[in-house]
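Counted from 1, the sequence shown has number 71 at position 71 by the working numbering; the numbering is strictly sequential. For every residue, glycine included, the Cβ atom is placed at its ideal position computed from N, Cα and C. Accompanying notes for the structure given below.
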Amino acid sequence: MPNKRVPHLGFTLIELLVVFAILGILATIGIGSYMSSQMKSRDSHRKTDLKNIAIALETFYNDAQAYPTSSAGKILGCGATGDAACSWGSAWAGNGVTYMSILPDDISANDYFYHSEDGTSYELYARLENTADQKAIRTDEGAAAGYADMICLGTTVRCNFVVASANAELPAVIADGGEE
Numbered sequence: 001m002p003n004k005r006v007p008h009l010g011f012t013l014i015e016l017l018v019v020f021a022i023l024g025i026l027a028t029i030g031i032g033s034y035m036s037s038q039m040k041s042r043d044s045h046r047k048t049d050l051k052n053i054a055i056a057l058e059t060f061y062n063d064a065q066a067y068p069t070s071s072a073g074k075i076l077g078c079g080a081t082g083d084a085a086c087s088w089g090s091a092w093a094g095n096g097v098t099y100m101s102i103l104p105d106d107i108s109a110n111d112y113f114y115h116s117e118d119g120t121s122y123e124l125y126a127r128l129e130n131t132a133d134q135k136a137i138r139t140d141e142g143a144a145a146g147y148a149d150m151i152c153l154g155t156t157v158r159c160n161f162v163v164a165s166a167n168a169e170l171p172a173v174i175a176d177g178g179e180e
């Protein structure tokens with residue numbers, strides 16, 4: 001009886017390993033790209049929020065001839081008398097005037113930070129996730145940085161993006177992880 005070779009149907013182990021390796025590489029690239037686009041989308045949302053708040057601040061200025069002052073990173077301009085701290089994510093209404101039906105809140109665990117000591121200027125801060133963003137503050141050496149005393153996450157993560165009135169004096173820039 002002659003030795004007949006029976007053809008094997010299917011794939012060899014090597015072929016399967018190569019296919020799985022290629023699929024793994026493609027999945028890694030796809031997930032990385034997806035995560036990056038999500039991060040950039042959240043940062044774009046933060047920038048838009050701060051610009052909208054800045055428009056409302058200018059409206060407040062036109063009404064009161066001063067910007068609202070701040071306390072613990074919040075706008076003082078809510079309540080019946082207009083001197084209570086406004087909560088991020090709720091209405092900004094005071095003295096019978098609604099400036100924003102919802103004062104935007106950061107879409108993640110970060111906080112926005114508002115600063116105005118005497119009502120003559122203001123700064124609005126946020127923490128961008130993408131520290132390589134062109135609008136994120138950097139040191140002169142190009143390292144990721146944040147603004148001194150402006151905390152946007154917990155007790156240590158500094159804000160790295162600002163929208164401010166034209167006459168505002170911004171605080172010192174400190175490298176991320178650096179001491180004040």
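DSSP lists E123 as the bridge partner or partners of H115. Under a 10 Å Cβ-count criterion, S41 is classified as exposed, with fewer than 16 other Cβ atoms of the shown protein chains found around its own Cβ. A Cβ-Cβ separation of about 10 Å leaves A56 out of contact with L124 under the 8 Å criterion. In the structure shown, M150 adopts coil according to DSSP, grouped into three states. Look at S108 here: in three-state DSSP terms it is coil, with no helix or strand label. The stretch 137-149 makes no contact with the stretch 25-35: fewer than 3 CB pairs, one atom from each, lie closer than 8 Å.
Under the three-state reduction of DSSP, I137 is assigned to coil, being neither helix nor strand. Relative to the Cα of A175, the nearest Cα in the group C152, E169 and I137 belongs to I137. Taking the CA atoms as reference points, G96 sits about 23 Å from S121. Take the alpha-carbon of I102 and the one of T59: they are about 15 Å apart. In its chain, beyond the 5 residues on either side, A84, A85, C86, W92, A93 and G94 have a beta carbon closer than 7 Å to the beta carbon of C78.
Proximity to Q38 across V19, I107 and T69 peaks at I107, based on C-alpha coordinates. Look at T59 here: in three-state DSSP terms it is helix. A buried status is given to F161, since no fewer than 16 other beta-carbon atoms sit within 10 Å of its beta-carbon. Cβ-Cβ distances below 8 Å link W88 to K74, L103, P104, D105, D106, D111 and Y112 in the same chain, with the five nearest sequence neighbours on each side left out; the list follows chain order.
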